[in-house]
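The structure under discussion appears below in the form of structure tokens.
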Amino acid sequence: MDIDIIELSKGSAKFVLSGTNPAFANGIRRAMIADVPTLAIEYVNLYDNTSVLYDEQLGLRLALVPLTTDGDYVPQSECSCGAVDGAGCPNCEVSLRLDVEGPKMVYSGDFISADPKVHPADEKIPIVELKEGQRVMLEAIAHVGYGRDHVRWQAGVACGYKHTPSVEVEPCPECGNTFVECPENAVFMARSVENLTEKDELKCVKCGNARHIFDLTDPTLKVSYDQHTFVFSLESDGSYSSSELVLKAADVIKGRAQEFSDILKDL
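If you read the sequence shown in our numbering, its first letter stands for residue 627, the second for the next number, and so on.
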């Protein structure tokens with residue numbers, strides 16, 4: 627199995643995964659979306675809220691503010707303190723305070739966290755606009771959870787893959803030149819086959835609309851795909867960097883494979 631990185635930034639990545647099958651590729655995709663544990667606000671203790679938002683609306687907004695996730699925290703269901711849907715301990719929950727008076731726009735960066743390593747991934751997420759005399763004072767309790775349980779814990783917000791396209795073009799049997807048009811610009815117009823590079827092929831979405839500019843009688847343009855090579859695109863909500871998200875997803879699959887192997891040995 628090989629990985630070739632095409633694009634890599636803190637919040638997104640694009641890479642080619644080769645030498646595997648659709649089951650494993652889909653397992654990575656699902657793990658990034660549903661199985662990587664993240665921190666998110668689950669409970670809110672409101673002490674004062676005179677903003678235009680109802681308490682429930684404010685709580686919903688806060689729940690979807692991505693928090694940087696530290697690996698030292700564990701889900702409450704797995705914590706030694708035994709707390710389930712209640713007050714936990716420093717190993718399974720973290721507190722963030724918010725106390726702001728208007729007039730001003732309240733942003734996610736206004737939170738004060740009890741743990742400096744846990745804070746909103748983006749400090750410019752707008753929460754509510756306060757007018758003169760309005761105030762919001764609250765304590766938000768964040769717990770570790772999984773995207774399969776609620777979208778607030780979904781670290782991968784745009785994770786998908788496709789089979790690696792393969793575009794085969796033969797020169798015109800009469801003039802020897804090649805002129806191709808493609809609605810996605812995956813295959814550029816070119817005079818020679820050599821100008822159709824692999825980088826261009828990765829843009830192909832197999833729409834079926836690529837064609838020779840001239841109506842050629844011979845079927846000289848073929849679009850297929852490699853069943854064992856996949857182009858991945860992903861975006862992180864900020865809980866982890868894009869590279870950390872992929873590695874965490876791989877660890878999830880590795881852990882489950884080991885667990886399944888142990889079960890089989892005990893049979």
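Note that CB positions come from ideal geometry on N, CA and C, so glycine has one too.
These numbers come from a predicted model, not from an experiment.
The beta-carbon distance between LEU724 and VAL678, rounded to whole angstroms, is 16 Å. This is too long to meet the 8 Å contact definition. In this structure, the beta-carbon distance from PRO692 to ASP736 does not fall below 9 Å. Using a 10 angstroms sphere on the CB of PHE641, the tally of other CB atoms reaches 16 or more, which defines it as buried.
Around the beta carbon of LEU871, 16 or more other beta carbons sit within 10 angstroms, so the residue counts as buried. Counting along the chain, ASN717 sits inside no alpha helix (DSSP H), nor does DSSP assign it H or E at all. The beta carbon of SER644 is closer than 6 Å to those of ASP628 and THR855 in its chain, skipping five residues each way along the sequence. For ASP674, the uninterrupted beta strand (DSSP E) segment begins and ends at 664 to 675. Nearest to GLU765 by C-alpha distance, out of TYR669, GLY714 and TYR787, is TYR669. Cα atoms of GLU758 and ASN675: separation of roughly 13 Å, rounded to the nearest angstrom. For the set GLY653, LEU684, ALA651 and MET658, the Cα lying nearest the Cα of ILE667 is the one of LEU684.
Between the alpha carbons of VAL720 and HIS769 lies a distance of about 7 Å. Straight-line spacing of the CA atoms in CYS715 and SER703 works out to 12 Å. Look at the segment 710 to 790 and you find these whole runs of beta strand (DSSP E), each 3 residues long or longer: 719 to 727, 730 to 733, 752 to 756 and 761 to 771.
Per DSSP, ALA689 is one residue of the alpha helix (DSSP H) stretching across 681 to 689.
LEU873: member of the alpha helix (DSSP H) spanning 868 to 892, first to last residue. Here the alpha carbons of HIS776 and ALA784 stand approximately 16 Å from one another.
Closest in C-alpha terms to TYR680, from the list ILE753, VAL744 and ALA740, comes ILE753.
Here DSSP, grouped into helix, strand and coil, assigns SER850 to strand. Distance from the Cα of PRO701 is smallest, within the candidate group ASP892, SER887 and GLY773, for GLY773.
The beta carbons of GLY771 and PRO663 sit about 7 Å from each other, so the pair counts as a contact at 8 Å.
Annotated as proximal: ASP852 and THR790, with beta-carbon spacing under 9 Å.
Inclusion of ALA660 and GLN780 in the CB contact set at 9 Å is warranted, their separation being smaller than that value.
Contact annotation: the segment 648 to 658 touches the segment 866 to 883, with at least three C-beta pairs closer than 8 Å.
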